[in-house]
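Numbering (this note's numbering), first residue to last: 10 to 75.
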């Protein structure tokens, strides 16, 4: 069963600010990726199927370091 996670907007903003301090050599953090998704002009039109499709397209590019 999938789990959900929510965070107050202020906490997400703090994570985003912290992520900008990292030197990632062309990579981005999960919070930066989510920010890019939410700022896309078509974000308001995404439904669950679109999010699933986006996830499948992104999976080959994702590396988890722990």
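Glycine is no exception: its CB is placed at the ideal position from the N, C-alpha and C atoms. Computed from a predicted structure; not experimentally measured.
Measuring alpha carbon to alpha carbon, tell me which of the options ends up nearest residue i.
| i | options | result |
| --- | --- | --- |
| residue 24 | 39, 55, 54, 49 | 39 |
| residue 42 | 15, 14, 64 | 64 |
Looking at the unbroken alpha helix (DSSP H) that takes in residue i, where does it start and where does it end?
| i | result |
| --- | --- |
| residue 24 | 18-28 |
| residue 62 | 57-67 |
| residue 14 | Unbroken run through residue 14: none, as it is neither H nor E. |
| residue 47 | 39-48 |
I'd like to check one pair, residue j with residue i: are the Cβ atoms closer than 9 Å?
| i | j | result |
| --- | --- | --- |
| residue 72 | residue 36 | yes |
| residue 52 | residue 46 | yes |
Mapping the DSSP letters down to three states, classify residue i as helix, strand or coil.
| i | result |
| --- | --- |
| residue 36 | coil |
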